[in-house]
Amino acid sequence: MFLSLVCTSSLFAQDAPPKSTDPRVKVELFAEHPQVVTPTGIDVDSRGRVWAVESNTHFPPEGYKGHPTDRVLVMSDTDGDGKADRTVVFTDGLK
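Residue numbers (our numbering): 2 to 96.
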């Protein structure tokens, strides 16, 4: 079993990395800001691509300068290094 973790906070990098209580699960950083912002859900498909729902409209802070709508991103690791290096917008304009 393999688990990809999407993290957006730069503060997270200062904390200890997350650990799984199941020794069969490996937790690694796959993508981070600015590749994905405010993810609210992820899934990994049979091709290893990570699909992320990016929520930019749910209680945005005052003066939010991020993307104006919610969207679904598809992130891929095309060079096999375990990190997302290609991001495609699957759908945009959601609210």
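The C-beta atom is built at its ideal place from N, Cα and C for all residues, glycine as well.
None of the values given here were measured: they were computed from a predicted structure.
Buried or exposed (CB count within 10 angstroms, at least 16 for buried), residue i
| i | result |
| --- | --- |
| PHE60 | exposed |
| SER56 | buried |
| LEU95 | exposed |
| VAL26 | exposed |
| VAL37 | buried |
| ARG100 | The structure shown does not extend to residue 100, since the chain is modelled only from 2 through 96, so no value can be given for it. |
| VAL90 | exposed |
Sheet register partners of residue i (DSSP bridge)
| i | result |
| --- | --- |
| GLU55 | PRO40, ARG72 |
| THR88 | MET76 |
| ASP93 | ARG72 |
Contacting residues, own chain, Cβ-Cβ under 8 Å from residue i (five flanking each side not counted)
| i | result |
| --- | --- |
| LYS84 | LEU30, PHE31, ALA32, ASP78 |
| PRO18 | VAL28, LEU30 |
Other residues of its chain near residue i: CB distance less than 7 Å, five sequence neighbours each side excluded
| i | result |
| --- | --- |
| THR41 | VAL54, SER56 |
| THR39 | THR9, GLU55, SER56, ASN57 |
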